[in-house]
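Numbers in my numbering are just positions in the sequence shown, counted from 1, shifted up by 1. Backbone N, C-alpha and C define an ideal beta-carbon position, used for all residues, glycine too. Reading through the C-alpha cells given below for one structure.
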Amino acid sequence: LARQGMATNFRNTTLNEERIFGNTNGLNTSAGVLPTSHPPPLPPRPQFSGGGGDMMFGNRYGYPGHSSYGYSPYGGYSSMDYYGHRGYGGYMGQGYGGYGSAGYGNAGTYGYPEQRFIQLAEESSRPAFQILESLVGAVGNVAMMLDSTFFAVTSSFRAVLSVAANLAHLKGTFAQFWSSLAIVRAAVWLYKNHGGIPIMTTEGKSATGGSHSHCSLLASVVTYNPDTLDLYQDPEANRYWFACFNNMVLKFEHQALVSQPKDASAKARAQSFREHCVEMFEKLQDGKGEIPSLGIRNLLEVIESGLRKFGFDDPWKEQKAIENKASIRLLKHRLQQLDSLTSERERWTEIVRGVLAGNMFDWGAQAVTKILEANNGFGLQQALDRIQKRPWLIDDLDGWLDRTEVTCFLQIHQTNFETDFYSYFQQKPSHRCATIFTDNAGIDFVLGIVPLVRELLKRNTKVLLCATINPAINDITFSELTTAIEDCCEECDILRNAYRVEHRLLLFGNDQIGPCLDFRMLSNGIA
2 LARQGMATNF RNTTLNEERI FGNTNGLNTS AGVLPTSHPP PLPPRPQFSG GGGDMMFGNR
62 YGYPGHSSYG YSPYGGYSSM DYYGHRGYGG YMGQGYGGYG SAGYGNAGTY GYPEQRFIQL
122 AEESSRPAFQ ILESLVGAVG NVAMMLDSTF FAVTSSFRAV LSVAANLAHL KGTFAQFWSS
182 LAIVRAAVWL YKNHGGIPIM TTEGKSATGG SHSHCSLLAS VVTYNPDTLD LYQDPEANRY
242 WFACFNNMVL KFEHQALVSQ PKDASAKARA QSFREHCVEM FEKLQDGKGE IPSLGIRNLL
302 EVIESGLRKF GFDDPWKEQK AIENKASIRL LKHRLQQLDS LTSERERWTE IVRGVLAGNM
362 FDWGAQAVTK ILEANNGFGL QQALDRIQKR PWLIDDLDGW LDRTEVTCFL QIHQTNFETD
422 FYSYFQQKPS HRCATIFTDN AGIDFVLGIV PLVRELLKRN TKVLLCATIN PAINDITFSE
482 LTTAIEDCCE ECDILRNAYR VEHRLLLFGN DQIGPCLDFR MLSNGIA
C-alpha cells in the first residue's frame, strides 16, 4: 500500500480515516469497516527517569535530558528508532538515522574486517615467531656451553700454574736440602776443631744467630767449592801456607795485646790465643781434622774463632778508623784525577789499577805486612807503582773495556743520534746491578772501591755494597761501612744523590766469620 502512495492507519481498522499524506479521499476499506472523519488520538508519551535520555523523543537542544546548546544541538528523535540502534539522533556525535555505532540499521560493528585480518595475520605469523624463539633459545644454550667451556679451561690453566709453582717450591726445597748436606761435614769439623765454637750449624744458623742461605746465582750448590786450593792435595802449598800462618799468629797475638792496653789480663789471653791456634794448625796439617779438603779459608776461620774465644773481638778497630779518616781526605783529589782522563778506556784502566793497588793494604797478607811496617808513608801511589805491567797473571780487563766502551760511545756521541734512540740506551745500561763485597778498610775501600762504585753509578747501574758484620782482621765492618759512606757523600755529589735521594747505592751486612766468602752461607738479605 505504501508503494501505491497511500497511507494506512492501522490503529483502528474499523474506521474510515482521513488520509494523512496524499489526496484527501478516505481510506478504502473492506466491507464492514466503518469510515470516520476524526484522526485517532496520539499514544501517551512514555515516561523516562531523569531529564530525557538516550531514548526516543530525546531533548531537542542538547544531550538527551539536559540543557540546550549542549552535546547534541538538534536533539530530534533519539537513538531508539524503527531503523536500528539509533534513530534521528543528535546532530553531533549521533549521526542521522541508523548512522550510530552499528552503522546502517544495526548492520554491525565498525572494524570487524580489519580485526579479522589482524587475527589471520597473527595466526599465520605465529609459527615463524615460534621458530625465532627456538633459535634464540638455541643460541642462548650455545653461549652457556661456551661460558662453561671457558670456565673449565681457565680452571685447568690455574691448576697447571699451581702445579708449576709447587714444582718450583719443591726444587728450592731440594736445593736447600742438598746445601745443608754439603755443609754438615764442615760444621762437624768446625765444632770438633774450634773448641766447641761452630761457625755454622746444620740448621743454617751462624755463631751470631743470623740465618743464612746460598747465593741464588750459583749454578749448583752441591758442586760449588769456595776454595781454589786444597792443601791436602798439594804438599808444597801445604808446607808454605802452614809456615805463613804460624808466623802470622805471632803478629795477631801482638795486635790483640796492643788493642787492649789497659786490660791486665790481655797478655795472658793473647798468649792463650796463640797456643790454641798453633795446636789447631798442627792437627789440621797432620790430617787429623777429619775433613776431606782444607783451604786457606779454614785456617783464617781458626784465627778469627780463636780471637773471639779469648776476648779479642776487633783488634784492628782503632787502626781502621784512623785509615778511613785519612783516606777520605784524599778522596776528592783521587776523583778529580780520574775525571781528568778523557779516554774511557784509560779512565777505566786506572780505576781497575786502583782496585788492585788498594787490595795490597791487607794486614792478613804477610808480604804486604812487611811493606806497611817498614814504610809508614806507604800510600796508594806507592802501591800503584808496585803493580806489574799488563798482561797480568789473570787479565780479563780488555773484555770489560770493550763492554763499557759501547755504552760510553753512545753517551759521548749522543748528538749524532735521535733523542729516542739515545734514551733507549740510557734506560738499558750494560749492567742493571752490581754487588761488591768489600775487603780492607782505609785506602782499599775509600780510594780503591769508592771510585769504582762512583763510575758504575754514572752508568745508571744499581750498586749493592756488602760488608761483614763480624770483625775479621782489618776488613771494614758493616757499621764502619755506613759511617764511611756518609763521609764520602760529603766529598762527591754523585755518591750523595745515589745514596740519599735515588737509593741506587744500598748497603748490606753479611753475617759471616772470617774474611773469606762462602756463597753457600750468605745472609738472607744478600742471597
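Query	Result
Any idea if A257 is buried or exposed, counting beta-carbon neighbours within 10 angstroms, 16 or more meaning buried?	buried
Leaving out five residues before and five after Y500 in sequence, what residues of the same chain have Cβ atoms less than 7 Å from its Cβ?	I486, C490, L506
DSSP three-state call for H213: helix, strand or coil?	strand
Look up C174 in the DSSP assignment and say whether it is helix, strand or coil.	Note that residue 174 corresponds to Thr in the displayed sequence, not to Cys. Reduced to three states, the DSSP call for T174 is helix.
Whose C-alpha, out of L232, H334, A238, is nearest the C-alpha of I292?	L232
Hey, how far is the Cα of A267 from the Cα of T350?	46 Å
My assumption, with CB atoms under 8 Å, is that V447 sits in contact with I329. Please give the rounded CB distance.	6 Å
Tell me whether the beta-carbon of I474 lies closer than 8 Å to the beta-carbon of W317.	yes
If I follow the unbroken alpha helix (DSSP H) through A435, where does it start and stop?	Careful: A435 lies outside any alpha helix (DSSP H), inside the beta strand (DSSP E) at 434-438.
Are C434 and K459 touching if we call contact CB-CB under 8 Å?	no
Can you name, in chain order, every residue of its own chain whose Cβ lies under 6 Å from the Cβ of Q513, other than the five neighbours on each side?	T469
How should R455 be labelled, buried or exposed, when 16 other C-beta atoms within 10 angstroms of its C-beta is the threshold for buried?	buried
Which stretch, first to last residue, makes up the alpha helix (DSSP H) that contains A528?	It is not in any alpha helix (DSSP H) - A528 carries neither H nor E in the DSSP assignment.
Whole angstroms is fine: what's the gap from F479's alpha carbon to L508's?	8 Å
Assign K570 to one of three DSSP states: helix, strand, or coil.	Nothing about residue 570 can be read from this structure; the chain reaches only from 2 to 528.
Quickly, what does DSSP pair T469 with across the bridge? List them, please.	T478, N511
Classify P472 as buried or exposed, calling it buried when 16 or more other Cβ atoms lie within 10 Å of its own Cβ.	buried
Can you tell me which of E123, H215, P236 puts its alpha carbon nearest to the alpha carbon of P227?	H215
Going by DSSP in three states, S448 sits in which element: helix, strand or coil?	Position check: residue 448 holds Leu in this sequence, whereas Ser was assumed. The answer is helix: DSSP assigns L448 an H, G or I state.
Using 8 Å as the Cβ pair cut-off and three pairs as the minimum, do the segment 345-362 and the segment 293-307 touch?	no
Do you know offhand how far Q261's Cα is from T484's?	23 Å
With distance defined between alpha-carbon atoms, name the residue in R127, A139, Q272, S431 nearest to L308.	Q272
Helix or strand or just coil, what does DSSP make of Y70?	In this predicted model, Y70 has a pLDDT of only 42, less than 50, meaning its place in the structure is not dependable enough to derive any value.
What does the Cβ neighbour count give for M93, buried or exposed, with the cut at 16 atoms within 10 Å?	Here M93 scores only 43 on pLDDT, less than 50, and its place in the model should not be relied on; the value that follows carries that caveat. It counts as exposed.
With S306 as the anchor, note down where its alpha helix (DSSP H) starts and where it stops.	297-310
If we ignore side chains and look at the alpha-carbon of each, how far apart do L381 and Y225 end up?	35 Å
Report the three-state DSSP secondary structure of V223 (helix, strand or coil).	coil
Quick one, are the C-beta atoms of G355 and G443 less than 8 Å apart?	no
Under 8 Å by Cβ, that's how I've got N511 and I495 pegged, so tell me the actual separation to the nearest angstrom.	No, N511 and I495 are not in contact; Cβ-Cβ is about 25 Å, not under 8 Å.
Going by the DSSP bridge assignment, what does K463 pair with across the sheet?	C434
Taking only beta-carbon positions, decide if L448 is within less than 8 Å of chain B.	Structure shown: chain B not included; a single protein chain is present.
On the CB-based measure, 16 or more other CB atoms within 10 Å of its CB, does D519 come out buried or exposed?	buried
Around the Cβ of S524, are there at least 16 other Cβ atoms within 10 angstroms (buried) or fewer (exposed)?	buried
Given this structure, state the Cα-to-Cα distance separating K321 from I477, to the nearest angstrom.	7 Å
Tell me whether the beta-carbon of V451 lies closer than 8 Å to the beta-carbon of L332.	yes
Based on DSSP bridge pairs, tell me the residues matched to L506.	V464
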